[in-house]
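Protein chains in written order, with my numbering: chain A, 1277 to 1678; chain B, 245 to 364; chain C, 1257 to 1375. The beta carbon of each residue, even a glycine, is placed where N, CA and C say it ideally should be. Read through the structure below, which is laid out as structure tokens, and then see the notes.
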Amino acid sequence: MTQSLEATFREEWPRAVGILTRVLGDLSLAEDAVQDAFATALERWPRDGMPRSPGAWIVATARNGAIDRIRRERTFARKAELLARLEAVPGDEEADVSSIPDERLALLFTCCHPALAVDARIALTLREVAGLQTPEIARAFLVTESALAQRLVRAKRRLRETGIPFRVPPDHLLPDRLSDVLRVLYLVFNEGYAATAGDVLVRRELCAEAVRLAKLVCVLMPDEPEALGLLALLLLQDARRDARIGPDGELVLLADQNRSLWDRTSIDEGLRVLDRAESLRRPGPYQLQAVIAAGHAEGASPEVIVAAYAALERLDPSPIVRLNRAVAVALAGDVEEGLALIDGIDGLEGYSYLASARADLLRRLGRRAEAAHEYREALALTDNAPERRFLERRLREVAREA
Amino acid sequence: MEYLALIYADEAAWERFSNEEREAAYEQYGEFSQAARDAGVLVGGEELGPTASATTVRVRDGRQLVTDGPYAEAKEALGGYFILDCASLDDALTWAARIPGASHGAVEVRQVYVDEGATT
Amino acid sequence: MKYALLVYSDQADWEGVDDDEAARRRAESMPRWLNLFEEMDRVDPHVAGKELVAATEAKVVRIVDGETIVTDGPFAETKEQIGGLFLTTLPDLDEAIRIASLVPAAEYGSLEVRPIVER
């Protein structure tokens, strides 16, 4: 498939799936119809040329295909009702579809519903809203295609069986639900940024996808400061992508990174987005994380970073935030305090970064035998190759000097 | 007195049933329901969706926590229930033994609580 | 859609509790119960609910090789046991979750929301 064809497909897939899901009241049915339409497009467009309005072409073809399929099924529940609703969708490939409401936001909120397991939300979001194919998603998450296909089947079945509504949540649910959506996007980004297993530390495609989806949320919900905060955070972190891995595929810490490898355009964009978020005067955890990332990008003093983490911890006292704050405190000069803060954290047993953070602080205090023990702990807890090489190197350093 | 008969069964086994086997099971349940209805003991009963369609809700420190799945995962899961109006626990147990689930899994019988002070 | 709301709680909290203490506890949670019933009446006037006697009183019936075996229950050896259930018709899962979270036991136990199979 050509670049532009693929880009068109990715753009039009969520639009079409959203519209058909609204009409049919069933994501699976909608997806089948749109999938068939895309298969036809793949055949026809290279031969006949791109239609003037690819979106209208897809929607009309999906609608006509769905009508055919439903008519053929003799015993189809709600047959008459579904056919009536499909009739209301344009069946003409040249029709103006711009007046049809954009259902992509409803699609996104549905895919990120809290009643779905987290890995189901991620898989559904990438499939339906990002328009990625099953093999691509499977590769990104290091699972087999059939395992991922199963996950999607179960997720869609769960959507139907539990009665999760297809809609943008009402106001009283919106803050929590938006937070659920942003969390899914952040998880996707993180999976690409710091893969949990395997040899590739950064999987560029997932980061790019997360940024794209975050931009979509900001376009569809322009007055949500936390959505802007997340986008800013992702842009600022993504800017460091190329500097994060050394020439040998080694992990390079922030302090040691070659800043000329940072993507200045991404940083500038992130800073602009953060400004817009802050102008809405409704602080939140993602905005604060973006402030911290901006601080790192602009060389803010360690004290400023610590203060931002303290503010973040007040809003979000989760163990990971507490860990990051402890490290910031140590880097600002009070290593003992940082260590004490780490020791007070519950719930991160089995998390390699806790062990490696503790190891690093012990190393800075000259407590090498203890540091070596913690580096070994961290090694036992991670499969990530660049991370392991980094930890092994540190372990050799402290063991040698011990 | 009302009793709740909770039916526990092996979900994986049910998933593997052929259409014929399922129809046969539903027929047996239909026969039980009819017999209980005829005897005037059937108050109600429902089949529950599989545990894969369960959602668990908790509220802790004012925050709503929603998770995918049942309260507890187990080989034998709650698959349905009947509410029976019987003269005594023994009667309820006798009826419970006739529920098809008692042969394939287990039926837990619980007495429905009645507030002595209530008028309804 | 029809849903069953299964109310799970740790019944060990109620062991050895005398009638006076039980009455006091019920009175304390009464406002939350009233709020729940008012809300339920608004969204589903036909809601049906049953409270159950302690799980320690449960009996388990099995037919093994044609023989009826009755043992003392409950069936599952879990910390929390079913203390009651509601059967209700609601527009979607979000509403079922909302109602479930109003049940007092949601704050110290667990509410399991299951769709009812309608054939």
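With distances taken Cα to Cα, identify the nearest neighbour of residue i among the options.
i	options	result
A/A1309	A/R1320, A/T1297, A/E1663 and A/L1318	A/T1297
B/R354	C/V1369, C/V1309 and C/D1321	C/V1309
A/S1594	A/P1561, A/A1573 and A/L1550	A/P1561
A/A1570	A/R1557, A/R1558 and A/A1584	A/A1584
C/V1263	C/P1360, C/L1292, C/E1294 and C/I1319	C/P1360
C/S1357	C/V1373, C/F1293 and C/I1319	C/F1293
A/L1450	A/A1431, A/F1417, A/E1500 and A/K1432	A/E1500
A/L1637	A/G1626, A/L1607, A/Y1627 and A/D1344	A/L1607
A/R1540	A/L1550, A/L1511 and A/G1522	A/L1511
A/A1587	A/W1321, A/A1508, A/R1415 and A/V1567	A/V1567
A/A1616	A/G1623, A/G1609 and A/A1602	A/A1602
A/R1552	A/V1429, A/R1291, A/D1514 and A/E1502	A/E1502
A/G1294	A/G1325, A/R1339, A/A1391 and A/T1278	A/R1339
A/R1652	A/R1670, A/M1497 and A/A1292	A/R1670
C/L1261	B/F261, B/E265 and B/T299	B/T299
A/F1314	A/V1605, A/G1331 and A/G1301	A/G1331
B/E255	B/Y270, B/L309, B/E320 and B/T338	B/E320
Is residue i helix, strand or coil when you go by DSSP?
i	result
A/N1660	strand
C/F1293	helix
C/K1258	strand
B/Y315	coil
C/I1372	strand
C/G1305	strand
A/D1539	coil
C/V1359	coil
A/I1376	coil
A/R1639	helix
A/L1408	coil
A/R1328	coil
A/I1343	helix
C/E1333	coil
A/R1433	helix
B/E320	strand
A/R1479	coil
A/S1628	helix
A/T1438	helix
A/N1600	helix
A/T1297	helix
B/Y357	coil
Flag residue i as yes when its Cβ comes closer than 7 Å to any non-hydrogen atom of the ligand ADP, and as no otherwise.
i	result
A/L1617	The model on display carries no ligand, and the ligand ADP is accordingly not part of it.
On the DSSP bridge assignment, give the partners of residue i in chain order.
i	result
C/Y1264	C/I1338 and C/S1366
B/E368	Only positions 245 to 364 of chain B appear in this structure, which leaves residue 368 of chain B out of reach.
A/I1521	A/L1527
B/E352	B/L250 and C/V1316
C/I1343	It should be noted that the sequence gives Leu, not Ile, for residue 1343 of chain C. Partner(s): C/A1260 and C/A1304.
B/R302	B/L309
C/T1327	C/V1316
Pull up the distance between the alpha-carbon of residue i and that of residue j, whole angstroms please.
i	j	result
A/I1618	A/L1303	45 Å
A/I1581	A/D1592	16 Å
A/L1424	A/T1386	19 Å
A/R1354	A/A1342	14 Å
B/T364	C/P1330	For B/T364, the predicted model reports a pLDDT of 49, less than 50, meaning its position is unreliable and no value from the coordinates is stated.
A/E1307	C/E1277	57 Å
B/Y247	A/N1466	52 Å
C/W1270	C/G1340	14 Å
A/V1373	A/L1362	14 Å
A/A1647	A/A1635	4 Å
B/V287	B/R281	8 Å
A/E1282	B/A340	60 Å
C/G1305	A/E1357	34 Å
B/V351	B/Y315	18 Å
C/I1325	B/D359	31 Å
B/V285	B/C330	6 Å
A/A1656	C/I1372	45 Å
A/R1415	A/V1605	38 Å
Any beta carbon from chain F within less than 8 Å of residue i's own beta carbon?
i	result
B/A280	You won't find chain F in this structure, because its protein chains are A, B and C.
What residues in the stretch 1302 to 1334 of chain C have a beta carbon less than 8 Å from any beta carbon of chain B?
A1304, K1306, E1307, L1308, V1309, A1311, E1313, A1314, K1315, V1316, V1317, R1318, I1319, T1324, V1326, G1329, P1330, F1331, A1332 and T1334
With 9 Å as the limit, tell me which residues of the stretch 1385 to 1414 of chain A have their beta carbon closer than that to any beta carbon of chain B; keep them in chain order.
H1389, P1390, A1391, L1392, A1393, V1394 and A1396
Against chain A: residues of the stretch 283 to 316 of chain B by CB proximity under 7 Å
G293, A296, S297, T299, V310 and D312
Against chain B, which members of the stretch 1437 to 1459 of chain A pass a CB distance test of less than 7 Å?
E1437 and T1438
Against chain B: residues of the stretch 1574 to 1606 of chain A by CB proximity under 7 Å:
none
Report the residues of the stretch 343 to 358 of chain B with a CB closer than 7 Å to any CB of chain C, ordered along the chain.
A346, S347, A350, V351, E352, V353, R354, Q355, V356 and Y357
Along the stretch 1358 to 1374 of chain C, what residues have a CB closer than 7 Å to any CB found in chain A?
P1371
When Cβ atoms are compared, which residues of the stretch 1332 to 1352 of chain C fall closer than 9 Å to chain A?
L1346, P1347, D1348, L1349, D1350, E1351 and A1352
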